[in-house]
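**Q**
Numbering (our numbering), first residue to last: 13 to 136.
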């Protein structure tokens, strides 16, 4: 029986100082992100042991550290840094999808958010 699947973290809200405009770097803003990690979940589905899977609490801590470690001008660069950190730390993860949103972008118009979605796959 196969039990490959995905671990997901939805609507993780973090405050950071990213953005192209000087005000974004000075004032900071909220960001919301979704992460989807493709990995083999067979062992943990049988053992019921956290040691046999990717601990999403640890992933949240890694993402939080990585997201606030430096200032990114573009969401694309921040998403790549998050995916690189996850893939480096967790060998069982084969693919990472990162969705990043700015809920209050500093641009004219009424909108809920702006953002990007990028998919990254482990190099063979």
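For every residue, glycine included, the Cβ atom is placed at its ideal position computed from N, Cα and C.
Under the DSSP definition of a beta bridge, which residues are partnered with residue 17?
**A** The partner list for residue 17 (beta bridge, DSSP) reads 51.
**Q** Give the DSSP-derived three-state secondary structure of residue 27 in the structure shown.
**A** The answer is strand: DSSP assigns residue 27 an E or B state.
**Q** Apply the 10 Å Cβ neighbour rule to residue 102 and answer buried if 16 or more other Cβ atoms are within range, or exposed otherwise.
**A** Counting Cβ neighbours within 10 Å, residue 102 comes out buried, since at least 16 surround it.
**Q** Pull up the distance between the alpha-carbon of residue 36 and that of residue 125, whole angstroms please.
**A** Residue 36 and residue 125: Cα-Cα distance of roughly 15 Å.
**Q** Who does residue 105 pair with in a DSSP beta bridge?
**A** 51, per the DSSP bridge assignment.
**Q** At the level of alpha carbons, what is the spacing between residue 16 and residue 34?
**A** When rounded, the distance between both Cα atoms is 44 Å.
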